[in-house]
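Peer 1: Each step along the sequence shown adds one to the number in our numbering, with nothing skipped, and position 110 is 110.
Where a beta carbon is used, it is the ideal one built from N, C-alpha and C, also for glycine.
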Amino acid sequence: MSDKTATDPHRAPRRAAPRPGTELLTEGERLLQSLLDHSLDAVLLTAPDGRVFLANPAACRMFGRSEEEICRLGRNGLVDITDPRLADGLEERGRKGWARRELTLLRADGTRFAAEVTSATFLDPSGEPRASVIIRDLSDRQRTEEAMSLANEIITHMAEGVFLTRAEDGRIVYANLKLEAMFGYGPDELLGQHVSVLNAPAEKTPEETARDIQWCVERNGGWSGEIGNIRKDGTRFWCYVNVSTFRHTRHGRLWLSIHTDITARRRAEEALQEASLFNHQIISSAQEGIIVAGLDCRYQVWNPFMEKLTGVPAQEVLDRHPLEVFPFLRGTPVLELMEKAMAGETSPIHDFPFHIPQTGRSGWVAETIGPLRDAKGKIIGVIGTVRDITERKRAEEALHSLSAQILRLQDEERRRLARELHDTTAQSLAALMINLSRVSAAVPQTNAAAQQHLALAIELAERCAHEVRTMSYLLHPPTLEMLGLPGALRECADGFAARSGIRVELDLPPDLGRLPQEKELTLFRVLQESLANIHRHSGSTTAAIRLARDEGGIRLEVKDTGRGMFVSGHPASTGLAPGRLGVGIAGMRERLRQLGGRLEIESNSGGTTVKAILPHEEAAGFTSNIEG
Numbered sequence: 001m002s003d004k005t006a007t008d009p010h011r012a013p014r015r016a017a018p019r020p021g022t023e024l025l026t027e028g029e030r031l032l033q034s035l036l037d038h039s040l041d042a043v044l045l046t047a048p049d050g051r052v053f054l055a056n057p058a059a060c061r062m063f064g065r066s067e068e069e070i071c072r073l074g075r076n077g078l079v080d081i082t083d084p085r086l087a088d089g090l091e092e093r094g095r096k097g098w099a100r101r102e103l104t105l106l107r108a109d110g111t112r113f114a115a116e117v118t119s120a121t122f123l124d125p126s127g128e129p130r131a132s133v134i135i136r137d138l139s140d141r142q143r144t145e146e147a148m149s150l151a152n153e154i155i156t157h158m159a160e161g162v163f164l165t166r167a168e169d170g171r172i173v174y175a176n177l178k179l180e181a182m183f184g185y186g187p188d189e190l191l192g193q194h195v196s197v198l199n200a201p202a203e204k205t206p207e208e209t210a211r212d213i214q215w216c217v218e219r220n221g222g223w224s225g226e227i228g229n230i231r232k233d234g235t236r237f238w239c240y241v242n243v244s245t246f247r248h249t250r251h252g253r254l255w256l257s258i259h260t261d262i263t264a265r266r267r268a269e270e271a272l273q274e275a276s277l278f279n280h281q282i283i284s285s286a287q288e289g290i291i292v293a294g295l296d297c298r299y300q301v302w303n304p305f306m307e308k309l310t311g312v313p314a315q316e317v318l319d320r321h322p323l324e325v326f327p328f329l330r331g332t333p334v335l336e337l338m339e340k341a342m343a344g345e346t347s348p349i350h351d352f353p354f355h356i357p358q359t360g361r362s363g364w365v366a367e368t369i370g371p372l373r374d375a376k377g378k379i380i381g382v383i384g385t386v387r388d389i390t391e392r393k394r395a396e397e398a399l400h401s402l403s404a405q406i407l408r409l410q411d412e413e414r415r416r417l418a419r420e421l422h423d424t425t426a427q428s429l430a431a432l433m434i435n436l437s438r439v440s441a442a443v444p445q446t447n448a449a450a451q452q453h454l455a456l457a458i459e460l461a462e463r464c465a466h467e468v469r470t471m472s473y474l475l476h477p478p479t480l481e482m483l484g485l486p487g488a489l490r491e492c493a494d495g496f497a498a499r500s501g502i503r504v505e506l507d508l509p510p511d512l513g514r515l516p517q518e519k520e521l522t523l524f525r526v527l528q529e530s531l532a533n534i535h536r537h538s539g540s541t542t543a544a545i546r547l548a549r550d551e552g553g554i555r556l557e558v559k560d561t562g563r564g565m566f567v568s569g570h571p572a573s574t575g576l577a578p579g580r581l582g583v584g585i586a587g588m589r590e591r592l593r594q595l596g597g598r599l600e601i602e603s604n605s606g607g608t609t610v611k612a613i614l615p616h617e618e619a620a621g622f623t624s625n626i627e628g
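#1: Which class does residue 366 belong to by DSSP, given the choice of helix, strand or coil?
#2: Specify whether the segment 224–235 and the segment 200–209 touch according to this definition: at least 3 beta carbon pairs, one from each stretch, less than 8 Å apart.
#3: Work out the CA separation of residue 32 and residue 107 for me, nearest whole Å.
#4: Thinking just about the alpha-carbon of each residue, which of 471, 339, 119 and 378 is nearest to the one in residue 414?
#5: Skipping 5 residues on each side, what residues in its chain have a beta carbon closer than 8 Å to that of residue 73?
#6: Please name the residue, chosen from 258, 110, 101 and 370, that lies closest to residue 179 on a Cα-to-Cα basis.
#7: Under the three-state reduction of DSSP, which class applies to residue 293: helix, strand or coil?
#8: Please identify the residue among 555, 104 and 97 whose C-alpha is closest to the C-alpha of residue 515.
#9: So is residue 591 buried or exposed if we call it buried at 16+ other beta carbons inside 10 Å?
#10: Cα separation between residue 443 and residue 113?
#11: Residue 48 and residue 151: beta carbons closer than 8 Å?
#12: Are three or more beta carbon pairs between the segment 533–547 and the segment 494–505 nearer than 8 Å?
#13: Whose C-alpha, out of 206, 164, 95 and 119, is nearest the C-alpha of residue 102?
#14: Is residue 259 helix, strand or coil when you go by DSSP?
#15: Is the beta carbon of residue 135 closer than 8 Å to that of residue 182?
#16: Go through the segment 54–133 residue by residue and report every complete run of the beta strand (DSSP E) that reaches 3 residues or more, in order.
#17: As a quick exercise: from 316, 353, 374 and 523, pick the residue whose alpha carbon is nearest that of residue 365.
#18: Out of 341, 294, 331 and 594, which one is the CA nearest neighbour of residue 320?
#19: Do you know offhand how far residue 390's Cα is from residue 309's?
#20: Could you please give the first and the last residue of the uninterrupted beta strand (DSSP E) stretch that includes residue 245?
#21: Judging by CA-CA distance, which residue of 117, 121 and 80 is the nearest neighbour of residue 96?
#22: Does residue 157 pass the burial test, meaning 16 or more other C-beta atoms within 10 Å, or should it be called exposed?
#23: Count Cβ pairs between the segment 239–257 and the segment 140–149 that sit closer than 8 Å; are there 3 or more?
#24: If you draw a straight line from the alpha carbon of residue 140 to that of residue 93, how long is it in whole angstroms?
#25: Roughly how many angstroms separate the alpha carbons of residue 342 and residue 296, rounded to a whole number?
#26: Would you give the residue range spanned by the alpha helix (DSSP H) that residue 551 belongs to?
#27: Specify the secondary structure class of residue 605 as computed by DSSP and reduced to three states.
#28: Taking just the CA atoms, how far does residue 547 sit from residue 510?
#29: Using alpha carbons as the reference points, say which of 164, 171, 169 and 168 lies closest to residue 177.
#30: Can you tell me where the beta strand (DSSP E) with residue 353 in it begins and where it stops?
#31: Looking only at DSSP bridge pairs, what is residue 331 linked to?
#32: From the DSSP output, in three-state form, read off residue 614 for me.
#33: How is residue 300 classed by DSSP in three states: helix, strand or coil?
#34: Along the alpha helix (DSSP H) that carries residue 500, what are the first and last residues, could you check?
#35: Residue 324 to residue 595, Cα distance in whole Å?
#36: Just checking, does the segment 482–491 make contact with the segment 520–530 on the three C-beta pairs under 8 Å criterion?
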């Protein structure tokens with residue numbers, strides 16, 4: 001490099017021609033160039049004033065520009081200069097030597113995108129100030145997270161059965177839970193089977209029906225209609241089906257089939273033709289309970305499903321008042337709903353447990369009650385439908401149990417990671433700082449450049465060690481086990497105040513004593529998440545923490561004076577975003593629920609108060625009416 005090039009701040013540095021004895025340096029340069037060329041992150045070499053000297057291929061792809069265009073535009077052509085975080089980041093970099101910010105950047109087509117930008121300053125061999133810039137595009141991650149979240153929501157709440165069939169061979173490659181349940185198959189049991197397995201034999205064979213539908217889809221791009229289906233156990237039912245097609249990168253062309261069970265509708269249509277006979281048959285064969293009572297509330301219909309569900313035969317029920325047969329109904333809303341039905345009101349679905357001492361049957365049912373009218377519309381009684389939801393309740397309890405297990409495993413993993421960071425990483429960083437200090441002492445003070453680089457390296461190592469210690473503490477605070485909840489809360493509040501600059505008021509009872517480990521950990525995690533939300537979202541300059549024990553149990557309150565939880569599109573954490581230490585609101589609720597507690601949140605424009613309430617030990621258990 002010539003003297004003019006070395007001293008001209010407006011020219012990008014160039015690599016010198018290889019010289020004898022510089023093979024190792026050249027190999028290092030080749031390795032660096034390879035890393036830059038294959039990096040998934042954009043990398044820029046810049047000057048502190050915003051000029052750009054070098055851009056790797058990832059940067060060109062990210063901005064949609066050539067390296068020459070990027071260098072010509074400089075920082076102001078790549079960054080949204082109206083983003084207030086830019087000035088903050090530049091100020092921090094100038095003060096600390098490095099900074100990391102999420103900024104809004106500009107592509108060649110004018111679109112804006114979010115990116116994580118990390119920049120550090122240094123001096124090049126000629127002593128000129130330079131800055132490295134590493135950019136990670138966050139837009140794909142955000143879109144992926146949003147798409148995955150939306151897909152999960154759709155699948156979770158889908159009321160229809162959905163499956164995908166490979167057009168090439170008619171084999172099923174995907175079926176959602178609703179469809180598996182609709183057809184009576186277990187998880188993934190349908191995968192690989194031919195689509196005709198779902199079609200009931202009729203005038204045409206299942207294979208012929210599948211071919212006819214395929215022909216319509218290929219010709220018209222889709223098909224819809226009613227079709228007879230068959231469950232795994234051989235039972236038949238009717239569905240309204242929509243079939244469309246699309247191309248998949250892995251499976252090629254696929255058929256998308258959406259099934260809506262219309263069996264009830266078909267039965268209703270048949271009922272118009274064979275009213276009285278069908279009414280008798282449907283009541284006798286319905287796969288849910290049907291109850292009819294007169295205006296005096298005495299039972300008139302008690303179908304076989306109800307006999308099977310309760311173990312009480314119809315002859316012991318008919319013409320008797322509900323409380324004569326089932327005294328436990330006094331503690332349920334059933335009688336009140338019957339009275340409202342006689343006034344013309346149809347109730348929403350109510351879930352309630354039942355236990356029948358005379359038969360030993362117990363479980364959960366979902367019931368809805370409405371008025372029974374004659375042909376002229378006059379109310380002549382009430383009709384109720386009852387569904388057995390015992391299995392659903394068992395599944396919900398199993399899900400809660402699984403959630404508790406996941407939370408326990410999460411805590412164990414945090415404890416392990418915290419120990420690993422403290423015992424290994426932190427010690428290695430300490431050794432690194434000692435060695436750097438020794439190197440600094442061995443380098444002559446007259447070598448200012450080397451001393452400066454060593455000082456920056458020592459500062460960076462110290463910062464890393466501090467961050468590792470902080471991360472280890474946030475993952476699993478050792479004081480929680482050693483000092484108990486009050487000590488851990490105090491240490492957490494002090495650390496938060498020091499890191500965030502938010503003033504924290506702490507009110508702890510002097511005689512709380514030790515709580516069970518699960519309760520202490522749960523309340524501590526609630527505090528962590530609440531403080532994180534205050535720092536990230538509230539804009540509050542103060543926070544108040546209060547821990548108290550009263551007749552209702554143990555209560556933790558975290559209050560701020562910020563702008564509330566839902567302002568400017570920044571709701572408080574839901575715990576879904578990856579990479580966050582907080583358990584999120586959903587996680588806080590689940591932790592407390594597992595211990596018999598609850599989470600209450602009050603939020604308005606004047607601030608937010610999070611309340612975590614845990615019952616005393618003797619009141620923390622759960623009971624279930626479900627046997628088996």
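Peer 2: On the basis of the supplied data:
#1: strand
#2: As far as the Cβ criterion goes, the segment 224–235 touches the segment 200–209, which means the pair count is three or higher.
#3: Going by C-alpha positions, residue 107 is about 26 Å away from residue 32.
#4: 471
#5: 52 and 65
#6: Closest option to residue 179, Cα to Cα, is 258.
#7: strand
#8: 555
#9: buried
#10: In a straight line, the C-alpha of residue 443 is about 45 Å away from that of residue 113.
#11: no
#12: yes
#13: 119
#14: strand
#15: no
#16: 98–106 and 112–123
#17: Taking residue 365 as reference, the option from 316, 353, 374 and 523 with the minimal CA-CA separation is 353.
#18: 294
#19: 11 Å
#20: In the DSSP assignment, residue 245 falls within the unbroken beta strand (DSSP E) covering 236–248.
#21: 121
#22: It counts as exposed.
#23: no
#24: A direct Cα-to-Cα measurement between residue 140 and residue 93 gives close to 27 Å.
#25: 10 Å
#26: Unbroken run through residue 551: none, as it is neither H nor E.
#27: coil
#28: 10 Å
#29: 164
#30: 350–356
#31: Answer is none; residue 331 lacks a bridge partner.
#32: strand
#33: strand
#34: It spans 485–500 - the alpha helix (DSSP H) in which residue 500 sits, taken as one unbroken run.
#35: 38 Å
#36: Yes: the two stretches touch, three or more of their Cβ pairs being nearer than 8 Å.
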